[in-house]
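Take any residue in the sequence shown, note its place counting from 1, add 4, and you have its number in our numbering.
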Amino acid sequence: MICIRIFRTRKEAEWAKQVLGKGGIFGTITEDKFNNVPIQKFGVTARFRLKVRDEDLNRAAIFLANKL
């Protein structure tokens, strides 16, 4: 999986994942953690990574570029 964007909120990441899904591109969201504890517990801003499969990277880039 390749990270294509980092978001500050899960809500934003979920929205972007839905946009990709409408283009037939599967995405997953991961939350940055330290020792399985969300990093915001340590005073660091939360980060949610939107990832796509390696083979979908070019297709995702083209799909998103056409959305702009």
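For each residue, glycine too, the CB sits at the ideal point set by N, CA and C.
Treat the numbers as computed from the prediction; the structure is a model and nothing was measured.
- Counting every other CB atom within 10 Å of its CB across the protein chains shown gives D60 a total of 16 or more, marking it as buried.
- Put simply, of C7, R12, N62 and M5 the residue whose alpha carbon is nearest the alpha carbon of A50 is R12.
- With a cutoff of 8 Å on beta-carbon distance, I29 and R53 are scored as not near each other.
- C-alpha of T34 to C-alpha of E16: approximately 13 Å in a straight line.
- Separation of the CB atoms of I8 and K55 is rounded to 7 Å, and the pair is thereby assigned contact status at 8 Å.
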